[in-house]
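Participant: Protein chains in written order, with the working numbering: chain A, 16 to 136; chain B, 16 to 136. A single structure is presented below for examination.
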């Protein structure tokens, strides 16, 4: 058995690309992904699952059709399944995402910000 | 819809008891729980699920029958299902646990450290 902890900063140092989640761990059929974000993402939703955002460093917003959530380091939010949302950050923000294996970052929306899925770091 | 973030420190300020996980959020059928630990827990396992530990503040160890994992702030570890483990911390350590709804903290072991399940904060 592997008795080594997973260090978020060590993993974050290994990639630069924004909006490109990297898998760092799995729990049952769920994945833990690190992502660096800056700017505005696309409006999208995930019809099959809730999605968790935990901010590790920086600040971000998640826009909804009826409001906005502000998140800073040490805060989390659960985006309910099927709810349209648009993550954004003025400066680079580092985030831990938790969602089932196989979820695509742009959900139903697609487009050029769609990242390759299941890339580990 | 609730557009408020969940702040780990705000939630941690609301309880003191060690080894007594408090639920702060749900994602599908999984729960996010905060727990303050100090001292040695009991050897136990969860036959039905993996279990995630994320250290928010302090340092802890997870002993296994064949080794030990050291965890500090900004680090996580996935305890595989069915593997006996024993969390411990010399000084108070604050941890985010992630596991399916309904999991009891002492798993198969039971005993006096068994906490009431599904207590929210």
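Every residue, glycine too, gets a C-beta built ideally from N, C-alpha and C.
Return the chain-ordered list of same chain residues with a C-beta closer than 7 Å to the C-beta of residue 134 of chain A, the five sequence neighbours on each side being excluded.
Facilitator: Once the five neighbours on either side are set aside, the close Cβ partners of residue 134 of chain A are 37, 38.
Participant: State buried or exposed for residue 83 of chain B, treating a residue as buried only when at least 16 other CB atoms are found within 10 Å of its CB.
Facilitator: When all chains shown are included, residue 83 of chain B counts as exposed.
Participant: Distance check for residue 44 of chain A and residue 126 of chain A, CA to CA, integer angstroms please.
Facilitator: Looking at the two C-alpha atoms, the distance is approximately 26 Å.
Participant: Which residues, in order along the region 104 to 116 of chain A, keep a beta-carbon less than 9 Å from a beta-carbon of chain B?
Facilitator: Within the region 104 to 116 of chain A, the residues whose Cβ lies closer than 9 Å to some Cβ of chain B are 111, 113, 114, 115, listed in chain order.
Participant: Taking contact to mean 3 or more Cβ pairs, one atom from each stretch, closer than 8 Å, check whether the region 114 to 132 of chain A and the region 56 to 68 of chain A are in contact.
Facilitator: Contact holds: three or more Cβ-Cβ distances are below 8 Å.
Participant: Could you check what DSSP says for residue 17 of chain A in three-state terms: helix, strand or coil?
Facilitator: It is coil, neither helix nor strand.
Participant: Measure the alpha-carbon distance for residue 108 of chain B versus residue 117 of chain B and round it to whole angstroms.
Facilitator: If I take the Cα positions, the gap works out to 23 Å.
Participant: For the region 75 to 90 of chain A, enumerate the residues whose C-beta is nearer than 8 Å to any C-beta of chain B, in chain order.
Facilitator: Cβ contacts with chain B come from 79, 81, 82, 83, 84, 85, 86, 87, 89, 90.
Participant: For residue 136 of chain B versus residue 26 of chain B, is the C-beta spacing smaller than 7 Å?
Facilitator: Against a cut-off of 7 Å, the Cβ pair of residue 26 of chain B and residue 136 of chain B comes out as a contact.
Participant: Let's test the definition: count the other Cβ atoms within 10 Å of the Cβ of residue 90 of chain B and tell me whether it reaches 16, buried, or not, exposed.
Facilitator: Burial call: buried.
Participant: Looking only at DSSP bridge pairs, what is residue 109 of chain B linked to?
Facilitator: Its beta-bridge partners are B:51, B:72.
Participant: Tell me the DSSP secondary structure of residue 27 of chain B in three-state form.
Facilitator: It is helical.
Participant: Taking a contact to mean a Cβ-Cβ separation below 7 Å, would you say residue 130 of chain B touches residue 52 of chain B in this structure?
Facilitator: For residue 130 of chain B and residue 52 of chain B, no; Cβs fall outside 7 Å.
Participant: Would you say residue 93 of chain B faces chain A, with C-beta separation under 7 Å as the test?
Facilitator: Yes, because at least one Cβ of chain A sits closer than 7 Å to the Cβ of residue 93 of chain B.
Participant: Out of curiosity, what's the CA-to-CA distance linking residue 72 of chain A and residue 81 of chain A?
Facilitator: Approximately 26 Å, taken between the alpha carbons.
Participant: Shortest alpha-carbon distance to residue 128 of chain A belongs to which of A:115, A:111, A:113, A:101?
Facilitator: Per the Cα distances, A:101.
Participant: Can you tell me where the beta strand (DSSP E) with residue 40 of chain A in it begins and where it stops?
Facilitator: Run containing residue 40 of chain A: 37 to 42, per the beta strand (DSSP E) assignment.
Participant: Cutting at 8 Å between CB atoms, please list the residues of its own chain near residue 48 of chain B, excluding the five before and the five after it.
Facilitator: So the qualifying residues of the chain are 36, 37, 38, 39, 111, 112, 113, 114.
Participant: Beta-carbon separation of residue 64 of chain A and residue 97 of chain A under 7 Å?
Facilitator: Taking 7 Å as the Cβ cut-off, residue 64 of chain A and residue 97 of chain A do not qualify as a contacting pair.
Participant: Does residue 150 of chain B come out as helix, strand or coil in the three-state DSSP assignment?
Facilitator: No information on residue 150 of chain B is available, as it lies outside the stretch 16 to 136 that chain B covers here.
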